[in-house]
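What follows is one structure encoded as structure tokens, with my remarks underneath.
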Amino acid sequence: MAFPAQSITVITNAAVDRSELQLKELRAIYTMKKRLWSDGQPIQVYVLTPEQDSHREFCKQVLGVFPRQLQSIWHRLVYSGTGEAPIELNSEQEMLEVISSTKGAIG
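Heads up, the working numbering is the position in the sequence shown plus 644, with the first residue counted as 1.
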């Protein structure tokens, strides 16, 4: 799913049978409310570190939240024992490599 005005692209592993995601679904995935793809495969969420401009823009422009708000959601899930936080990656190149080799991945 591309957001050309902001130069933001969300990618999934090739095993994920989705060419398009609705914004509502994308928000549910990144707030860890949606945990499985429609085929039952677990969703593995990857994000860039909060210090990166592209992560901040993705949070604000696509998800409609500040990175700090998103991290707060993840921390609550982790500390309550009801979920996990996404895995943080250090670069877009690392994101491409990890997503391409991880079934169910999105980033």
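Heads up, the beta-carbon is just placed ideally off N, CA and C, and yes, glycines get one too. Keep in mind the model is a prediction, meaning the values are calculated, not measured.
Residue i: first and last residue of the uninterrupted beta strand (DSSP E) it sits in
i, result
"Q688", "688-692"
"I731", "731-733"
Straight-line Cα distance separating residue j from residue i
i, j, result
"D683", "I652", "26 Å"
"A646", "N657", "Note that A646 has pLDDT 45, beneath the 50 cutoff, so the model's placement of it is unreliable and the number below is only indicative. About 15 Å."
"D660", "Q737", "What sits at residue 660 in the sequence shown is Val, not Asp. Straight-line Cα distance between these residues: approximately 20 Å."
"I731", "Q666", "22 Å"
"G751", "E664", "14 Å"
"S698", "L692", "8 Å"
"I717", "V742", "24 Å"
"L733", "Y690", "7 Å"
"I687", "W681", "6 Å"
"G748", "R662", "11 Å"
Reduced DSSP secondary structure (H/G/I, E/B, other) of residue i
i, result
"V717", "Looking at the sequence shown, residue 717 is not Val but Ile. I717 falls in the helix class under three-state DSSP."
"L665", "coil"
"A749", "strand"
"I673", "helix"
Residue range of the alpha helix (DSSP H) that includes residue i
i, result
"L740", "736-745"
"D683", "D683 -> no alpha helix (DSSP H), and no H or E assigned at all."
"E701", "697-701"
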